[in-house]
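Residues in the sequence shown are numbered consecutively from 0, following numbering that gives the first Met the number 0.
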Amino acid sequence: MIKFTEALKLARNHISKMNISCEIVHIERFSEGWYFCYQSRNYLDTGNFSDILAGNAPIIVDKDTGVVINTVSAYPIE
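Right, dumping it as structure tokens:
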């Protein structure tokens with residue numbers, strides 16, 4: 000089992016590999032681990048809607064294995 004600090008590090012590492020600069024904006028704990036919502040750094044800095052990410056689904060970090068899971072926005076996280 001991993002701790003939250005390790006899950007956060009894994010999530011940040013995962014989003015750092017994207018083609019654009021992103022920041023985690025919301026975190027929730029649930030029975031299997033944590034999910035991390037993110038948004039583009041440009042949008043967060045400027046508020047310009049042309050910089051907003053659309054359809055970006057949260058990533059999940061499994062608390063037992065530390066595996067990072069990409070989700071899709073078409074279905075609920077559960």
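Even for Gly, the Cβ is constructed at its ideal location relative to N, Cα and C.
Can you tell which of the options has the C-alpha that lies nearest to the C-alpha of residue i?
i: I1; options: H13, W33, C21, V24; result: W33
Tell me whether the beta-carbon of residue i lies closer than 7 angstroms to the beta-carbon of residue j.
i: V66; j: A6; result: no
i: I23; j: Y37; result: yes
i: I58; j: H25; result: no
i: F29; j: A10; result: no
Please look up how many angstroms separate the CB atoms of residue i and residue j, rounded, as I've assumed it's under 8 angstroms.
i: T70; j: A53; result: So it is not a contact: roughly 15 angstroms between Cβ atoms.
i: E31; j: K8; result: Not a contact, Cβ separation roughly 18 angstroms.
Under 8 angstroms Cβ to Cβ from residue i, same chain only, skipping five residues before and after it: list those, please.
i: S20; result: S39, R40, N41
i: F3; result: R28, W33
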